[in-house]
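Contents: one structure, followed by commentary.
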Amino acid sequence: IQQNDGSVQAGSAKAETDTKHMIAAGGKVADAGDQHDAQCGSGKAEPIIAEYMAGLPMSVFVSDYDHNAPDVQHLRATHYKLYKRMRETHPDIPILLLSRPGFHTFSKKGHSRSDDSIARRDVVIDTFRAAREEGDEKVWYIDGESFFMGKYEYECTLDAVHPNDLGFVLMADGIEDTIRIALANAG
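In my numbering, the protein residues as written are 30 to 216.
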(Lines of atoms letter the chains of each structure in order from A and count residues from 1; the text may use other names and numbers.)
(Lines give C-alpha, C1' and ligand atoms only; values in the text may rest on other atoms or scores of the structure.)
Protein backbone atom coordinates (compact mmCIF):
# COMPACT_ATOMS: atom_id res chain seq x y z
CA ILE A 1 0.00 0.00 0.00
CA GLN A 2 1.31 3.43 -0.85
CA GLN A 3 0.12 6.14 1.51
CA ASN A 4 0.77 9.66 0.39
CA ASP A 5 0.65 12.86 2.28
CA GLY A 6 2.19 14.59 -0.72
CA SER A 7 5.63 13.38 0.27
CA VAL A 8 6.70 9.80 -0.12
CA GLN A 9 6.05 7.38 2.67
CA ALA A 10 6.46 3.80 1.59
CA GLY A 11 5.48 0.71 3.50
CA SER A 12 4.59 -2.87 2.85
CA ALA A 13 1.31 -4.65 3.26
CA LYS A 14 -0.35 -7.59 1.59
CA ALA A 15 -2.89 -6.89 -1.11
CA GLU A 16 -5.14 -9.57 0.32
CA THR A 17 -8.13 -8.97 2.52
CA ASP A 18 -5.97 -9.38 5.64
CA THR A 19 -4.70 -5.83 5.12
CA LYS A 20 -2.62 -4.70 8.08
CA HIS A 21 -3.00 -1.35 9.75
CA MET A 22 -0.29 0.97 8.51
CA ILE A 23 0.69 3.94 10.57
CA ALA A 24 2.82 6.73 9.17
CA ALA A 25 4.66 8.98 11.58
CA GLY A 26 7.66 11.23 11.14
CA GLY A 27 8.77 9.68 7.87
CA LYS A 28 8.33 6.13 9.09
CA VAL A 29 5.61 3.69 8.27
CA ALA A 30 5.07 0.89 10.72
CA ASP A 31 3.16 -2.29 10.03
CA ALA A 32 3.45 -5.18 12.40
CA GLY A 33 7.07 -4.44 13.23
CA ASP A 34 8.38 -3.35 9.83
CA GLN A 35 9.68 0.20 9.50
CA HIS A 36 10.74 1.86 6.29
CA ASP A 37 12.56 5.19 6.10
CA ALA A 38 11.42 6.56 2.75
CA GLN A 39 10.16 10.10 3.04
CA CYS A 40 11.11 12.88 0.72
CA GLY A 41 9.44 16.02 -0.54
CA SER A 42 7.55 18.56 1.50
CA GLY A 43 4.10 17.03 1.43
CA LYS A 44 2.82 19.32 -1.34
CA ALA A 45 2.53 16.85 -4.27
CA GLU A 46 5.54 18.24 -6.09
CA PRO A 47 5.72 16.97 -9.71
CA ILE A 48 9.06 15.22 -9.21
CA ILE A 49 7.69 13.40 -6.16
CA ALA A 50 4.52 12.48 -8.05
CA GLU A 51 6.70 10.99 -10.81
CA TYR A 52 8.72 9.02 -8.29
CA MET A 53 5.60 7.70 -6.55
CA ALA A 54 4.00 6.77 -9.86
CA GLY A 55 6.92 4.42 -10.46
CA LEU A 56 6.52 2.57 -7.17
CA PRO A 57 4.78 -0.81 -7.06
CA MET A 58 1.59 -0.69 -5.00
CA SER A 59 -1.76 -2.34 -4.56
CA VAL A 60 -3.54 0.74 -3.14
CA PHE A 61 -2.75 4.45 -3.24
CA VAL A 62 -4.04 6.70 -0.43
CA SER A 63 -3.79 10.41 -1.20
CA ASP A 64 -3.71 12.36 2.04
CA TYR A 65 -1.99 15.70 1.71
CA ASP A 66 -4.57 18.49 1.71
CA HIS A 67 -3.32 19.63 5.13
CA ASN A 68 0.20 20.13 3.75
CA ALA A 69 -0.80 22.37 0.86
CA PRO A 70 0.06 25.98 1.75
CA ASP A 71 -3.41 27.13 0.70
CA VAL A 72 -6.55 26.01 -1.09
CA GLN A 73 -5.33 27.39 -4.43
CA HIS A 74 -2.20 25.24 -4.29
CA LEU A 75 -4.27 22.20 -3.41
CA ARG A 76 -6.65 22.87 -6.29
CA ALA A 77 -3.69 23.21 -8.68
CA THR A 78 -2.10 19.90 -7.62
CA HIS A 79 -4.71 17.47 -6.28
CA TYR A 80 -6.34 16.32 -9.51
CA LYS A 81 -2.95 16.24 -11.27
CA LEU A 82 -1.57 13.86 -8.63
CA TYR A 83 -4.62 11.62 -8.95
CA LYS A 84 -4.29 11.57 -12.78
CA ARG A 85 -0.58 10.76 -12.66
CA MET A 86 -1.17 7.86 -10.30
CA ARG A 87 -4.09 6.57 -12.37
CA GLU A 88 -2.07 6.75 -15.61
CA THR A 89 0.62 4.46 -14.25
CA HIS A 90 -1.63 2.32 -12.04
CA PRO A 91 -4.89 1.88 -13.95
CA ASP A 92 -6.14 -1.09 -11.93
CA ILE A 93 -5.43 -0.23 -8.30
CA PRO A 94 -7.84 1.42 -5.88
CA ILE A 95 -7.07 5.07 -5.22
CA LEU A 96 -8.40 6.49 -1.96
CA LEU A 97 -8.77 10.25 -1.67
CA LEU A 98 -8.74 11.24 1.97
CA SER A 99 -9.69 14.64 3.36
CA ARG A 100 -8.03 16.08 6.41
CA PRO A 101 -8.58 14.48 9.81
CA GLY A 102 -8.70 16.81 12.78
CA PHE A 103 -11.17 18.90 10.79
CA HIS A 104 -12.02 21.26 13.64
CA THR A 105 -8.66 21.28 15.42
CA PHE A 106 -6.63 22.68 12.53
CA SER A 107 -6.26 26.35 11.68
CA LYS A 108 -4.24 28.45 9.25
CA LYS A 109 -3.71 32.16 9.85
CA GLY A 110 -6.70 34.18 8.74
CA HIS A 111 -9.03 31.21 8.33
CA SER A 112 -11.47 29.65 10.70
CA ARG A 113 -10.73 26.01 11.31
CA SER A 114 -13.93 24.77 9.73
CA ASP A 115 -13.92 27.18 6.77
CA ASP A 116 -10.42 26.21 5.70
CA SER A 117 -11.12 22.51 6.18
CA ILE A 118 -14.36 22.73 4.19
CA ALA A 119 -12.63 24.49 1.30
CA ARG A 120 -9.87 21.86 1.24
CA ARG A 121 -12.38 19.01 1.50
CA ASP A 122 -14.25 20.49 -1.46
CA VAL A 123 -11.09 20.20 -3.57
CA VAL A 124 -10.71 16.52 -2.65
CA ILE A 125 -14.40 15.89 -3.42
CA ASP A 126 -14.03 17.71 -6.76
CA THR A 127 -11.18 15.36 -7.70
CA PHE A 128 -13.29 12.37 -6.68
CA ARG A 129 -16.30 13.58 -8.68
CA ALA A 130 -14.20 14.33 -11.76
CA ALA A 131 -12.64 10.87 -11.59
CA ARG A 132 -16.05 9.21 -11.30
CA GLU A 133 -17.42 11.32 -14.17
CA GLU A 134 -14.51 10.03 -16.26
CA GLY A 135 -15.64 6.48 -15.46
CA ASP A 136 -13.12 5.59 -12.75
CA GLU A 137 -14.90 3.09 -10.52
CA LYS A 138 -11.74 2.35 -8.54
CA VAL A 139 -11.47 5.74 -6.89
CA TRP A 140 -12.84 6.18 -3.38
CA TYR A 141 -13.45 9.18 -1.16
CA ILE A 142 -13.03 9.08 2.61
CA ASP A 143 -14.11 12.07 4.67
CA GLY A 144 -11.47 12.48 7.38
CA GLU A 145 -13.65 14.89 9.36
CA SER A 146 -15.20 12.05 11.35
CA PHE A 147 -11.93 10.36 12.34
CA PHE A 148 -11.30 12.43 15.47
CA MET A 149 -14.85 13.31 16.45
CA GLY A 150 -16.19 12.35 19.82
CA LYS A 151 -14.92 12.12 23.35
CA TYR A 152 -11.22 12.39 22.49
CA GLU A 153 -11.44 14.84 19.58
CA TYR A 154 -8.78 17.17 21.02
CA GLU A 155 -6.52 14.34 22.19
CA CYS A 156 -5.66 12.95 18.73
CA THR A 157 -2.85 15.27 17.67
CA LEU A 158 0.46 16.48 19.01
CA ASP A 159 -0.09 20.08 17.96
CA ALA A 160 -3.62 20.34 16.52
CA VAL A 161 -2.17 19.21 13.18
CA HIS A 162 0.04 16.10 13.40
CA PRO A 163 -1.67 12.90 14.63
CA ASN A 164 -0.29 11.17 17.70
CA ASP A 165 -0.61 7.41 18.34
CA LEU A 166 -4.33 7.71 19.12
CA GLY A 167 -4.88 9.81 16.00
CA PHE A 168 -3.09 7.29 13.79
CA VAL A 169 -5.09 4.40 15.23
CA LEU A 170 -8.34 6.27 14.57
CA MET A 171 -7.20 7.09 11.04
CA ALA A 172 -6.29 3.46 10.39
CA ASP A 173 -9.67 2.37 11.73
CA GLY A 174 -11.40 4.92 9.50
CA ILE A 175 -9.54 3.83 6.37
CA GLU A 176 -9.35 0.06 6.89
CA ASP A 177 -12.88 -0.89 5.85
CA THR A 178 -12.65 1.12 2.64
CA ILE A 179 -9.31 -0.48 1.78
CA ARG A 180 -10.78 -3.95 2.34
CA ILE A 181 -13.81 -3.21 0.17
CA ALA A 182 -11.70 -1.51 -2.53
CA LEU A 183 -9.27 -4.43 -2.71
CA ALA A 184 -12.09 -6.99 -2.81
CA ASN A 185 -13.71 -5.08 -5.70
CA ALA A 186 -10.41 -4.56 -7.52
CA GLY A 187 -9.74 -8.28 -7.95
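By construction, the Cβ of each residue, glycine as well, lies at the ideal position given by its N, Cα and C atoms.
Model, not experiment: these values are computed from the prediction.
{"Asked": "Start and end of the alpha helix (DSSP H) containing Phe-90?", "Found": "Unbroken run through Phe-90 is the beta strand (DSSP E), 90–92; no alpha helix (DSSP H)."}
{"Asked": "If I'm right that Leu-126 touches Thr-156 with Cβ under 8 Å, what's the distance once you round it to whole angstroms?", "Found": "6 Å"}
{"Asked": "Should Ser-128 and Val-153 be called a contact, given that it needs their Cβ atoms to be closer than 7 Å?", "Found": "yes"}
{"Asked": "Quick one: what's got a C-beta closer than 6 Å to Arg-114's C-beta in the same chain, skipping five residues either side?", "Found": "Ala-79 and Ala-83"}
{"Asked": "Roughly how many whole angstroms lie between the Cα atoms of Arg-150 and Thr-207?", "Found": "18 Å"}
{"Asked": "When DSSP labels each residue in this structure, what does Tyr-170 get in the three-state scheme?", "Found": "strand"}
{"Asked": "Got a sec? Which residues, its chain only, sit under 7 Å from Thr-186 by beta carbon, not counting five neighbours each side?", "Found": "Gly-131, Thr-134, Pro-192, Asn-193 and Gly-196"}
{"Asked": "Considering only the alpha carbon of each residue, which of Ile-204, Leu-199 and Asn-97 lies closest to Lys-180?", "Found": "Leu-199"}
{"Asked": "Can you tell me which of Lys-167, Ile-147 and Glu-166 puts its alpha carbon nearest to the alpha carbon of Gly-173?", "Found": "Ile-147"}
{"Asked": "Taking the DSSP output, what are the residues bridged to Ile-208?", "Found": "According to DSSP, Ile-208 bridges with nothing at all."}
{"Asked": "Return the chain-ordered list of same chain residues with a C-beta closer than 7 Å to the C-beta of Leu-111, the five sequence neighbours on each side being excluded.", "Found": "Ala-74, Ala-79 and Ser-92"}
{"Asked": "Suppose contacts are defined by Cβ-Cβ distances below 7 Å. Is Trp-169 in contact with Ala-201 by that definition?", "Found": "no"}
{"Asked": "Could you name the residues of the same chain whose beta carbon sits closer than 6 Å to that of Arg-105, not counting the 5 residues immediately before and after it, in chain order?", "Found": "Val-152"}
{"Asked": "So the candidates are Gly-216, Ala-98, His-96 and Phe-176; which of them puts its Cα closest to the Cα of Lys-167?", "Found": "Gly-216"}
{"Asked": "Whose CA, out of Ser-71, Pro-86, Ile-77 and Tyr-183, lies closest to the CA of Ala-98?", "Found": "Ser-71"}
{"Asked": "Cα separation between Pro-86 and Ser-143?", "Found": "36 Å"}
{"Asked": "List the endpoints of the continuous beta strand (DSSP E) containing Ile-124.", "Found": "124–127"}
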